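Protein chains in written order, with our numbering: chain A, 1 to 142; chain B, 143 to 284; chain C, 285 to 426.
The beta-carbon is built from N, C-alpha and C at its ideal position, and this holds for glycine as well.
Just so it is clear, the structure is predicted and the values come from calculations on it, not from any experiment.
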Amino acid sequence: MKPLNPASIRAPFARYSHGAEVPAGQRLVFCSGQLGIAADGTIPEGVREQADLCFANIAAILGEAGMALKDIVRINAYVTDRAHMKGYMESRDAHVGTPPPASTLMIVSGFTLPEFKVEIEVVAAAPEKRRKPSRTVTAPKF
Amino acid sequence: MKPLNPASIRAPFARYSHGAEVPAGQRLVFCSGQLGIAADGTIPEGVREQADLCFANIAAILGEAGMALKDIVRINAYVTDRAHMKGYMESRDAHVGTPPPASTLMIVSGFTLPEFKVEIEVVAAAPEKRRKPSRTVTAPKF
Amino acid sequence: MKPLNPASIRAPFARYSHGAEVPAGQRLVFCSGQLGIAADGTIPEGVREQADLCFANIAAILGEAGMALKDIVRINAYVTDRAHMKGYMESRDAHVGTPPPASTLMIVSGFTLPEFKVEIEVVAAAPEKRRKPSRTVTAPKF
């Protein structure tokens, strides 16, 4: 991913890039919007904790494709109140790679359960399957 | 499309995948958000009927590219009230392929006309143009 | 980008295509949602002026990748009130290429600052780096 930040326009408000270019020939991963729910079904109260869970889920999903948070191209985040932006942004800044991805943030009316304060959805891209380091078997000497 | 559903995180709430991987070298289709309006301009009252129309429209659009609903990679759906989620989800579950695509759902304030209760937008992907089966002409036997 | 507009469904409400197909092997650019803020930090009152600034920003971002507004595949636009749709649509119609990209429009509750009335986010695609025309040096005649 190549960040696009033209000098002629206002710099990003926070830790994100104005655009992200994906070279031809890369794999793409489209993730479902993630919500702040743990594997055991618990939903933390705070938006920061919810966002952290979202990013942990996203990391797990990308991991299934041999990708990681640093491969995110764009984050679309939705919060249910302006007051939740700060907690979300702290979590985002702690989780994105360098250079940071493109990012869109807005306030919406709600998600699948009223308890959720934030939903985070990403697109990621990476070159063809990175090969796992091959295990070298040294032939025994005779 | 390869579904990504890590065992370590909470399973999807419904019939969708946590992520969808598009291999390198595929065509992509980005659809406009579809609304529940028929070719004759009528807008059904129910959200299920509106969502069914959205998916019918999406199938027609994808068809222009030689793709079908099973090629959807991610669905982004927006409803104007939590009460509309059920009808939308029933329609989605009836229309998506197996494995199901990634999916994001949220409540927003409205669309281009107040009558619309749901808007559905998809990204789809498929290999280079599938060739139509060539018509085989059997030479007559003499 | 190839527009997808099946004859069997209702024609687009305005200047956009129902779908846009990206051939295999193209570069993609994902832009951050742009807001109506000038390089000097001023935010115009009107939604049309805000949307014009968004498109100017988007043109600058795409320019960093050797792309232009005509390479937009899909626009996702969000306004905070139905009354803002008209001004946004006038700006969109003035800025998109021919054929026009896919487009999704909805009303949401707000953006990073209460002054913002519209947010515009795009995906664009183009073939591998277009080469700049090489400067031809004519050998001096002796």
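Asked	Found
Taking beta-carbon pairs under 9 Å, can you tell me which members of the segment 175-209 of chain B lie near chain A?	none
Does DSSP classify V238 of chain B as helix, strand or coil?	coil
Which two residues bound the contiguous beta strand (DSSP E) that contains G161 of chain B?	G161 to V164
Find the residues of chain C that neighbour T246 of chain B, judging by a C-beta separation of less than 8 Å, and give them in chain order.	The premise fails here: T246 of chain B is roughly 12 Å from chain C at the closest Cβ pair, so nothing lies under 8 Å.
Can you tell me where the beta strand (DSSP E) holding V189 of chain B begins and where it ends?	Where V189 of chain B is concerned, there is no enclosing beta strand (DSSP E), although the alpha helix (DSSP H) it sits in stretches over V189 to G205.
Out of A:V123, A:P127 and A:L4, state which residue places its alpha-carbon closest to the alpha-carbon of G347 of chain C.	A:L4
Report, in whole angstroms, the separation of the C-beta atoms of Q26 of chain A and A125 of chain A, which I expect to be a contact under 8 Å.	5 Å
If we ignore side chains and look at the alpha-carbon of each, how far apart do A149 of chain B and L353 of chain C end up?	42 Å
Return no unless some Cβ of chain B is closer than 8 Å to the Cβ of F13 of chain A.	no
Please classify D324 of chain C: does DSSP put it in a helix, a strand, or coil?	coil
Would you mind telling me which residues of chain B sit closer than 8 Å to G110 of chain A, beta carbon to beta carbon, in chain order?	R224, M248 and I249
Determine the burial state of D40 of chain A: buried for a count of at least 16 other Cβ atoms within 10 Å of its Cβ, exposed for fewer.	exposed
Excluding the 5 residues preceding and the 5 following P275 of chain B in the sequence, name in chain order all residues of the same chain whose CB lies nearer than 6 Å to its CB.	Its pLDDT being 48, under 50, P275 of chain B is placed unreliably in this model, and the value from its coordinates should be taken loosely. Here the set comprises nothing.
Determine the direct distance from the alpha carbon of Y220 of chain B to that of G178 of chain B, and round the result to whole angstroms.	12 Å
Based on Cα-Cα distance, which residue from B:A156, B:F172 and B:R157 lies nearest to E305 of chain C?	B:F172
Under 8 Å between C-beta atoms, does H302 of chain C make it to chain B?	yes
Let me check one thing: in DSSP terms, what residues is G394 of chain C bridge-paired to?	A:I107
Give me the residue from B:E232, B:P243 and B:R224 with the minimum Cα distance to V215 of chain B.	B:P243
DSSP has N76 of chain A in a bridge; who is on the other side?	A:T104 and A:E121
In the DSSP assignment, what are the bridge partners of Q176 of chain B?	B:I262
How long is the line joining the alpha carbons of E405 of chain C and T104 of chain A, rounded to whole angstroms?	8 Å
Within a Cβ cutoff of 6 Å, which residues of the same chain sit near R299 of chain C, ignoring the five residues on either side of it in sequence?	D377 and P384
To the nearest angstrom, report how far apart S32 of chain A and I58 of chain A are at their CA atoms.	9 Å
For a test of your reading of the model: does the CB of D324 of chain C fall under 7 Å from any non-hydrogen atom of the ligand NAD? Yes or no.	The ligand NAD is absent from the structure shown, which contains no ligand whatsoever.
Within 10 angstroms of the Cβ of A143 of chain A, are there 16 or more other Cβ atoms? Answer buried if so, exposed if not.	Only positions 1 to 142 of chain A appear in the structure, and residue 143 of chain A is not among them; the question remains open.
Taking the straight line between their C-alpha atoms, what separation do you get for M106 of chain A and N360 of chain C?	12 Å
If we define contact as Cβ-Cβ less than 8 Å, is R415 of chain C a contact residue for chain A?	The predicted position of R415 of chain C is uncertain, since its pLDDT is 44 and thus under 50; a value taken from the coordinates is nonetheless stated next. No, no contact with chain A.
Taking 8 Å as the CB-CB cut-off, is V29 of chain A touching chain B?	yes
My assumption, with CB atoms under 8 Å, is that F297 of chain C sits in contact with T254 of chain B. Please give the rounded CB distance.	6 Å
P145 of chain B lies in the beta strand (DSSP E); which residues open and close that run?	K144 to L146
Among the residues of its own chain, which have a CB less than 8 Å from the CB of G303 of chain C, if the five just before and after it don't count?	P287, L288, N289 and A386
Could you check the C-alpha separation between Q50 of chain A and E232 of chain B for me, to the nearest Å?	27 Å
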